[in-house]
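Participant: Numbering (the numbering used here), first residue to last: 20 to 122. Sharing a structure with you now.
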Amino acid sequence: AIFNGCYGADRKGPKYDRRLAYMQSGFEETGGKFGFCGDLGGEQAWTFSLGSASVPCRDWTGRSSPTTTFSILDLADENTQWFSTEGVLLGNLQISRVLNPTS
Numbered sequence: 020a021i022f023n024g025c026y027g028a029d030r031k032g033p034k035y036d037r038r039l040a041y042m043q044s045g046f047e048e049t050g051g052k053f054g055f056c057g058d059l060g061g062e063q064a065w066t067f068s069l070g071s072a073s074v075p076c077r078d079w080t081g082r083s084s085p086t087t088t089f090s091i092l093d094l095a096d097e098n099t100q101w102f103s104t105e106g107v108l109l110g111n112l113q114i115s116r117v118l119n120p121t122s
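Below, the structure written as structure tokens:
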């Protein structure tokens, strides 16, 4: 349930391999963050970490299976698996685009 919530692209924040980070809405400093890691044990993957200061290739608690997708939204189309730092399968994430987040 640590992934649970709404995440938005942080257009003014840091980019990782030219990809935007996605911060948990309402908890930008301490909440979850999805970021891209260009070299995670020789693979490219999206990672999940906690806190705005976290670095995707270093501070992650969950990672996607290897991917080169530019947007995290594309992972939903790929049926991507997620794994813990110990390599335990966490399963799939349901990722949906919110067209009007203010309603």
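C-beta atoms are modelled at their ideal positions from N, C-alpha and C, and glycine is treated no differently.
Tell me, which residues are paired with S103 by DSSP?
Facilitator: BP columns for S103 point to G81.
Participant: For A95, which residues of its own chain have a beta-carbon under 8 angstroms away from its beta-carbon, when the five flanking residues on both sides are left out?
Facilitator: Result list for A95: L112, Q113, I114 and S115, in chain order.
Participant: Are the CB atoms of I91 and F53 nearer to each other than 8 angstroms?
Facilitator: Yes, the pair counts as a contact, with Cβ atoms nearer than the cut-off.
Participant: I'd like to know whether the C-beta atoms of S44 and W65 end up nearer to each other than 8 angstroms.
Facilitator: Not closer than 8 angstroms, so no.
Participant: Less than 8 angstroms between the beta carbons of T49 and W79, yes or no?
Facilitator: No, Cβ-Cβ distance for T49 and W79 is not below 8 angstroms.
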